[in-house]
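Just so you know, the protein sequences line up as chains A, B and C, in that order.
Read in our numbering, the first sequence has 138 at position 138, and its numbers run on one by one without any break.
Read in our numbering, the second sequence has 1100 at position 100, and its numbers run on one by one without any break.
Read in our numbering, the third sequence has 2299 at position 299, and its numbers run on one by one without any break.
Cβ coordinates follow ideal geometry from the N, Cα and C atoms, glycine included.
All figures in this text were calculated on a predicted structure; none of them were measured in a lab.
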Amino acid sequence: MSQIDRAASELREMDDLAMKVSPIHSLHPLVKLLVTAAYIVCTASFPKYDLSGLFPMILYPALIFPMSGIPVSVCLRKFRAVIPLLAVVGCFDLFLDRRTVFSLGNIPVTAGMVSFTVFFLKGILCLTASFLLVATTTLDRLCAALRMLGLPSALVTLFLLTFRYVSVMIDELYAMNTAYLLRAPGQKGIHYSVWGSFLGQLLLRSMDRAAELYESMQLRGFDGDMRYAGCSQFSLHDIILTAVSVGAIVFLRLVNFSRLLGGLFV
Amino acid sequence: MVELRDVYCEYEKGNPVLKGTSLNIYDGESIGLVGANGAGKSTLMKAMLGLIPYTGDILVDGLRVEKSNYQAVRKSLGFVLQNSDNQMFMPTVKEDVMFGLLNYGMSSEEAEKKTDQVLSDLGISHLKERHNHRLSGGEKRMSAIAAVLAMDPSHILMDEPCSALDPRNRRVIINTVLGLDRTMIIASHDLDMILDTCKRTVILSEGKVVADGPSSVLLTDRDLLESNGLELPLRYYQSGPAGS
Amino acid sequence: MHMADALLSPIVAGAMYVASGTAAGTSVVKLKKDDEPSKLPTMAVASALVFAGQMINYTIPGTGSSGHLCGGMLLSALLGPYAGFLSMVVILTIQCLFFADGGLMALGANCWNMAFYGCFVGYFLIWRPILHSRWFSNMDSKAATRLKITIASVIGCILTLQLGAFSVVLETSLSGITELPFGAFMALMQPIHLAIGLVEGLITSAVLLYVFEARPELLQEVDAEEKGFQNKRSLKATLAVLAAVVVFVGGGLSLFASSNPDGLEWALFGNAESGYSENMALDEDDYGVSSDVADTAADIQEHTAFLPDYAFPDNDSSVGTTVSGIVGSLIVAVIAAGIAVLGGFFRKKQANA
């Protein structure tokens, strides 16, 4: 049952990272959101054999990690969710596409090897970019940026409320699960005879909790529309910064930067 | 001033929780509401806030508690819930304190100023940017009080303000309550705390007021307390439990 | 079933964002129109619960493995399809942002695959028809409802997971990301999700049954009789609806498949590949790519991509470019290291200032 425990500590970890102070943290959240989106779309759009074109995209995390002071090790741990998926889906390329495209010394490099690497690198880079966004932006600021983009307030409110109660529920379930396992030695999970009551109990209690939560919102004047403290204006400075960053990313996408550099020397 | 006249309240048909409760609460008073589990303390508070339907009359500063008056009534009655997690529903303390202010039409700047002031009055300015799910029990309770205080209610209702707190945090809350210059209505099983904070005590039993008077008199009356499912406050308890 | 960004092309991902966005927009409007704000806290608490509940292991009797909870059916049975969908969207977003489960670009696709089917298809085509059906009308009404809840949960979870898994295969293939043939990918995904769906359905039904015993009013469509619901469908009518769905889905698939005599997999797999095979100067017949659908899709792909498909150079023709690419990449690596050092320096300088 380390999973639920781990989830709680991961949430705490992300909180702590987002509360840090750095030039990246203090950027307007909308800048970060737009640049991240541009980066992910550009990275994912590289053709499947364009390894040399894709490779310079690592410049982005190479810049943001040190500037924000986010430890790379935390990000590496996030990879565990995606690496098996990438490996399973990607490995078929290795077997199915075995035409040799060039040789590195005596080692023949197949098209499948190249496309596998491209696929894998894309997955890692996209994940890293969204990790960096969340690790450098607190949730309330991220939500303010989403509101600026015109997301309906009901959805953003739901997101904020849910996030708040995720940690409460994790605590409750963790306690229940511990209580269960302490009295059920040797079991790895919940026995099927209590499948329903285990979560069902908590569900019923939670519905009462939701009612009380709604009461406490009403008592403080909630009438269906959420009012936010909001976020600073999107200034000219922010617009320029976004334009320059997105421009640089699109440049890397359109121009094979590796070959451009290599051409100067070879 | 809050007046309750012959209030009946029921969650299920034919099973009333309040059975004709009458009570006057005058401005500036501190009232301790005590009684065994299920005596109707929380229900009484919820009825005053218009959270559950009732029959009879409840008047807050002369306004009857009914749908058309909810906004005004809730502006003058602040309610601190027993479970702070249910009260602090926004991600950070700042946003939570600002929530009510923004809903009552304050601008963001004003609301933030007010938030800063309330937090510093309570001595918890350092919690402002903290995430609610990372607060300790005591910090949560203080932040919840701040969220209610920010709205400048003339009356404050508290449901078990000291439950599940360690002795030091309990003392902090008691001192905070003593420092609040409002009409206080505190429901609790912690009779020592009631003795410290409330001059007047109301004992509820099975939905009725069975005793109403100075705390120093009611809370030293062992027979009265025990017949209503309560015990003497610890400080009067040196002689050991009754009968031993 | 969470897809990573790398599995999708931006075109497919964008299309899925539009699809899920439309569903979410409709849900928000619907929720505003026929509902009070009181539902928001309930939705938030329920989705937080499902989020945490998905991390609990449920041991499957007779095996060493464990199952997990299926969120879509549970939430839509509790909250209705619109609120359920929005709650699932929020869950998937939190998983994506804080736990790296599924990519940000793939979020639209993930919402479609995991939330849309579970909430809308599961609710309108399974949950509601079955609970309103006259099945088991010879039994006492409570026992009948219990059976109906169980059947609806199990069928619902299986069907919606199958649809979800199929969509994953479809979206990946349309994106032209992997060499894995469509048919093989499908053969890999569908049976696994059959088993997963069955277990998730049983867990979901167990939870819903518990709620039904304790607080039946919390479930959608359950108190239909007492609310005077007239439109009870017979078993036959319900089966007819289900049959229509099967025919529609199956028919659609075979239509797709028949446009290419070599079979479904090449029709879909080939279209993304056609540009590549042309550039590789390979014989198209080897791939069996010749359908109109494939050509059109390839056209779209080519016109919408930033650059026409980049072909890997042939062995003998352009070794030079390859070498320059490798050398360039090495230089990029050095630059990256340099930037990293400078960036850290910059941050520290600002922190000190």
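Own chain partners of residue i with C-beta closer than 7 Å, once the 5 adjacent residues on each side are dropped
i	result
Ser2317/C	With a pLDDT of 40 at Ser2317/C, under the threshold of 50, the modelled position of this residue cannot be trusted; read the value that follows with caution. Correct list: empty, nothing qualifies.
Cys1009/B	Pro1016, Val1017, Leu1018, Thr1043, Ala1047, Ile1052 and Tyr1054
Ser115/A	Lys48, Tyr49, Asp93 and Asp97
Arg205/A	none
Ile2130/C	Lys2148, Ile2151, Ala2152 and Thr2238
Thr267/A	No answer is possible for residue 267/A: it lies beyond the span of chain A, which begins at 1 and ends at 266.
Arg2128/C	Glu2221
Pro108/A	Thr100
N-terminal and C-terminal residue of the beta strand (DSSP E) that residue i is part of
i	result
Leu1204/B	Arg1200 to Ser1205
Ile1058/B	Thr1055 to Val1060
Val1210/B	Lys1208 to Pro1214
Ser1030/B	Ser1030 to Val1034
DSSP state of residue i mapped onto helix, strand, coil
i	result
Val255/A	coil
Asn1024/B	strand
Gly1318/B	Any answer about residue 1318/B is impossible in this case: the structure gives chain B only from 1001 up to 1244.
Ala1187/B	strand
Met67/A	helix
Glu1066/B	coil
Trp2266/C	Note on Trp2266/C: pLDDT 37, under 50, position unreliable in the model; the coordinate value appears next. Helix at Trp2266/C.
Asn177/A	helix
His25/A	coil
Pro108/A	strand
His1126/B	helix
Lys1237/B	Per the sequence shown, residue 1237/B should be read as Tyr rather than Lys. Residue state, collapsed to three classes: coil.
Gly1953/C	In the structure as shown, chain C begins at 2001 and stops at 2353. Residue 1953/C is therefore absent and cannot be evaluated.
Tyr2082/C	helix
Gly2103/C	coil
His1131/B	strand
Thr1220/B	coil
Thr2093/C	helix
Val1172/B	helix
Thr1092/B	strand
Val1002/B	strand
His2002/C	coil
Neighbourhood of residue i by C-beta distance below 8 Å, restricted to the same chain and skipping five residues each side
i	result
Val89/A	Phe119
Leu34/A	Thr242 and Val246
Leu11/A	Val166, Ser167 and Ile170
Ser2066/C	Asn2057, Tyr2058, Thr2059 and Ile2060
Arg2146/C	Leu2209 and Phe2212
The alpha helix (DSSP H) enclosing residue i, as first and last residue numbers
i	result
Tyr192/A	It is not in any alpha helix (DSSP H) - Tyr192/A carries neither H nor E in the DSSP assignment.
Lys122/A	Ala111 to Ala135
His1155/B	Note, His1155/B: premise wrong, no alpha helix (DSSP H); beta strand (DSSP E) at His1155 to Asp1159.
Gly1229/B	First-last for Gly1229/B: undefined, no H or E at that position.
Arg77/A	Val72 to Lys78
Leu1135/B	Premise fails: Leu1135/B is in no alpha helix (DSSP H) and is neither H nor E.
Thr2178/C	Run containing Thr2178/C: none; DSSP gives neither H nor E here.
Ser2027/C	Pro2010 to Asp2034
Met1249/B	Here chain B comprises residues numbered 1001 to 1244, so residue 1249/B is not present and cannot be evaluated.
Ser235/A	Ser235/A -> no alpha helix (DSSP H), and no H or E assigned at all.
Gly1105/B	Counting along the chain, Gly1105/B falls outside any alpha helix (DSSP H), and DSSP gives it neither H nor E.
Neighbourhood of residue i by C-beta distance below 6 Å, restricted to the same chain and skipping five residues each side
i	result
Gly2197/C	Cys2157, Ile2158 and Leu2161
Ile190/A	Phe198
Leu2253/C	At Leu2253/C the pLDDT is 47, less than 50, meaning the model places this residue with poor confidence; the figure from the coordinates comes in the next sentence. Hits under 6 Å: none found.
Beta-ladder partner(s) of residue i, from DSSP
i	result
Asn1015/B	Glu1012/B
Val1007/B	Thr1021/B
Tyr2058/C	Ile190/A and Gly2067/C
Ser103/A	Pro108/A
Indicate whether the contact test is met: 3 or more Cβ pairs, each with one atom in the stretch 1096-1116 of chain B and one in the stretch 130-147 of chain A, closer than 8 Å. no
With a threshold of 8 Å, are at least 3 pairs of Cβ atoms found where one atom belongs to the stretch 123-140 of chain A and the other to the stretch 2102-2118 of chain C? yes
Should the stretch 184-200 of chain A be called in touch with the stretch 2043-2056 of chain C, which here means at least 3 C-beta pairs below 8 Å? Touching, per the Cβ criterion.
Does the stretch 1220-1233 of chain B come into contact with the stretch 2001-2016 of chain C, if we say contact requires no fewer than three beta-carbon pairs (one atom in each stretch) closer than 8 Å? Between the stretch 1220-1233 of chain B and the stretch 2001-2016 of chain C, the count of C-beta pairs closer than 8 Å stays below three; the two stretches do not touch.
Is it the case that the stretch 1073-1085 of chain B contacts the stretch 1157-1169 of chain B, given that we only count it when at least three CB pairs across the two stretches are under 8 Å? yes
Taking 8 Å as the cut-off, does the stretch 2041-2052 of chain C touch the stretch 2176-2195 of chain C (at least 3 CB pairs, one atom from each stretch)? no
The stretch 250-264 of chain A in contact with the stretch 2327-2334 of chain C per 3-pair CB rule at 8 Å: yes
Would you call the stretch 1197-1212 of chain B and the stretch 1025-1035 of chain B in contact, with 3 or more CB pairs under 8 Å? yes
Is there contact here, the stretch 2337-2350 of chain C with the stretch 53-71 of chain A, by at least three beta-carbon pairs under 8 Å? yes
Spell out a yes or no on whether the stretch 2118-2128 of chain C and the stretch 2084-2095 of chain C are touching, meaning 3 or more CB-CB pairs, one atom from each, closer than 8 Å. Between the stretch 2118-2128 of chain C and the stretch 2084-2095 of chain C, the count of Cβ pairs shorter than 8 Å is three or higher; the stretches touch.
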